[in-house]
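Residue numbers (my numbering): 30 to 124. Structure first, commentary second.
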Amino acid sequence: MMPKRTSRSSWSTWYLPRGEKVAKRYVDRLIDYCYSFETFPERGVFSNKRPGLRLVGYRRKATIAFQVKGDVVVIARIFHRGRNIDFGDASSDLD
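Structure below.
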């Protein structure tokens with residue numbers, strides 16, 4: 030049951046402890062999802078940003094940019110939803 034929002038301190042006391050747990054659970058699941066590439070790495074769609082770069086979404090909240098090199102999956106970046114997929118001037122995240 031959610032407490033009444035009578036004051037900021039009572040609201041923060043209720044939400045802040047849950048925020049960290051929720052965030053940790055989300056990150057743990059995202060990491061588990063990345064480990065699942067070991068089983069089926071050839072997923073996602075090809076991106077025109079870089080040769081061999083693939084993109085796959087995670088729960089509509091993140092986009093994982095990765096490349097398959099032989100039997101190794103290289104995760105270049107994980108973008109939060111709505112972010113532009115841009116590698117900037119970095120020499121190469123996939124080399």
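Every residue, glycine too, gets a C-beta built ideally from N, C-alpha and C. Only a predicted model underlies this, so the values are computations on that prediction, with no experimental measurement involved.
Annotated as proximal: Gln96 and Arg83, with beta-carbon spacing under 8 Å.
CA-CA distance, Gly99 to Val56, rounds to 27 Å. The beta carbon of Leu59 sits closer than 8 Å to the beta carbons of Tyr87, Ala91 and Ile107 from its chain, once the five residues preceding and following it are set aside; these are given in chain order. For Phe66, the three-state secondary structure derived from DSSP is helix.
Looking at the backbone, the Cα of Cys63 and that of Val74 are separated by about 16 Å. Excluding sequence positions up to five before and after Val85, its CB lies within less than 7 Å of the CB of Arg72, Gly73 and Ile93, all in the same chain and listed in chain order. When secondary structure is reduced to three states using DSSP, Leu82 falls in the coil class, being assigned neither helix nor strand. The C-beta separation of Pro70 from Val102 comes to about 5 Å, placing the pair in contact by the 8 Å criterion.
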